[in-house]
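Student: The structure's right below; bear with me while I get my questions together.
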Amino acid sequence: IQKQIGGFYLKIEDTIDSLKSNVSILSYILENINEGVYLLNRSGHFKFINKVACNILGYSFQDLLKMHINDIYSNFYNDHWSDYWKTIKNQKSIVIEEQLKIKNGTLIHAEIETKFFEFDDEEYNLCMLKDIKTNKKSEKIFLQNEKLFKQIIETSNDGILVIDINNKITFVNDKIIEMLGYEKTSI
Numbered sequence: 001i002q003k004q005i006g007g008f009y010l011k012i013e014d015t016i017d018s019l020k021s022n023v024s025i026l027s028y029i030l031e032n033i034n035e036g037v038y039l040l041n042r043s044g045h046f047k048f049i050n051k052v053a054c055n056i057l058g059y060s061f062q063d064l065l066k067m068h069i070n071d072i073y074s075n076f077y078n079d080h081w082s083d084y085w086k087t088i089k090n091q092k093s094i095v096i097e098e099q100l101k102i103k104n105g106t107l108i109h110a111e112i113e114t115k116f117f118e119f120d121d122e123e124y125n126l127c128m129l130k131d132i133k134t135n136k137k138s139e140k141i142f143l144q145n146e147k148l149f150k151q152i153i154e155t156s157n158d159g160i161l162v163i164d165i166n167n168k169i170t171f172v173n174d175k176i177i178e179m180l181g182y183e184k185t186s187i
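Position 175 of the sequence shown, counting from 1, maps to 175 under my numbering, and the rest follow consecutively.
If you want it as structure tokens, here you go:
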């Protein structure tokens, strides 16, 4: 079937096949990306959720389509949602860390990158979701190790002095102060 639109002739079958192909590719990408992806409308209801987001949140696709974002965002309430939406709309893109309440009731730490856009006179918020509990655990272990390392350095029987690349002293332990006979504040 050929159709004239303005001064152009379109072969409808090719256009439909091309559109189907593009939709198939986009669907494949969204379902196979390593991040959770979901789409929210202005009222805060889910319009699309990929498998990764369903797995992270513990809900089925059908369950999430019936839910509001307040059901999983632990810090959001209906009055807060409108403020959040205004912020997203003005900034167009933000990254937040949020605690999400998953299906079993526990809270997880997540990083959510949000992108505001309009399509066919409707406003949407496209969200990319990362479960960062591993990052939080690694950060906690790092801080514990850093504290232990500082204790070891500060109580060492060896004098320790750290100098940066600009020859500025950035750290001294008590033993080096004692060995050099200086006051800690004068170094």
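For every residue, glycine included, the Cβ atom is placed at its ideal position computed from N, Cα and C.
Remember, it's a predicted structure, so these values are computed and weren't measured experimentally.
(1) Looking only at its own chain, which residues have a Cβ that is under 8 angstroms from the Cβ of Ile-169, when we skip the five neighbours before and after it?
(2) Let me know the secondary structure DSSP gives Asn-166 once reduced to three states.
(3) Could you check where the alpha helix (DSSP H) with Asn-55 kicks off and where it finishes?
(4) For the candidate residues Tyr-124, Leu-64 and Val-172, whose alpha-carbon lies nearest to that of Lys-92?
(5) State the CB to CB distance for the pair Leu-64 and Cys-54, rounded to an integer number of angstroms; the pair is presumed to be in contact (CB under 8 angstroms).
(6) Helix, strand or coil for Lys-86, going by three-state DSSP, please let me know.
(7) On the DSSP letters alone, give me the boundaries of the alpha helix (DSSP H) that Met-179 sits inside.
(8) Does DSSP put Ser-93 in a helix, a strand or coil?
(9) In the DSSP assignment, what residue or residues form a beta bridge with Thr-114?
(10) What residue does the alpha helix (DSSP H) around Asp-63 start on, and which one ends it?
(11) Can you have a look at Val-52 and say buried or exposed, based on whether 16 or more other CB atoms are within 10 angstroms of its CB?
(12) Taking 7 angstroms as the limit between beta carbons, can you name the residues of its chain near Asp-206, skipping five residues before and five after?
Tutor: Answer, in terms of the structure:
(1) On the sequence shown, residue 169 is found 169 positions in, with the first residue counted as 1. So the qualifying residues of the chain are Leu-161, Val-162, Ile-163 and Ile-187.
(2) Your numbering for residue 166 matches position 166 in the sequence shown. The DSSP-derived three-state label of Asn-166 is coil.
(3) Taking the first residue of the sequence shown as position 1, residue 55 is located at position 55. For Asn-55, the enclosing alpha helix (DSSP H) stretches over residues 51-57.
(4) On the sequence shown, residue 92 is found 92 positions in, with the first residue counted as 1. Out of Tyr-124, Leu-64 and Val-172, the CA that lies nearest to the CA of Lys-92 is found in Tyr-124.
(5) Here the question's residue 64 lines up with position 64 in the sequence shown. Here the question's residue 54 lines up with position 54 in the sequence shown. The distance from the Cβ of Leu-64 to that of Cys-54 is about 7 angstroms, consistent with a contact at the 8 angstroms cut-off.
(6) Counted from its first residue, the sequence shown places residue 86 at position 86. Helix at Lys-86.
(7) Taking the sequence shown and counting its residues from 1, one reaches residue 179 at position 179. Taken as a continuous stretch (DSSP letters only), the alpha helix (DSSP H) holding Met-179 covers 174-180.
(8) Walking along the sequence shown from the start, residue 93 turns up at place 93. Secondary structure of Ser-93 (DSSP, three-state): strand.
(9) Within the sequence shown, residue 114 is the residue found at index 114, counting from 1. Looking at the DSSP assignment, Thr-114 forms a beta bridge with Ile-94 and Cys-127.
(10) Taking the first residue of the sequence shown as position 1, residue 63 is located at position 63. DSSP places Asp-63 inside the alpha helix (DSSP H), whose first and last residues are 61-65.
(11) As a working note, residue 52 is residue 52 in the sequence shown. Counting Cβ neighbours within 10 Å, Val-52 comes out buried, since at least 16 surround it.
(12) Here the chain has residues from 1 to 187 only, and residue 206 is not among them.
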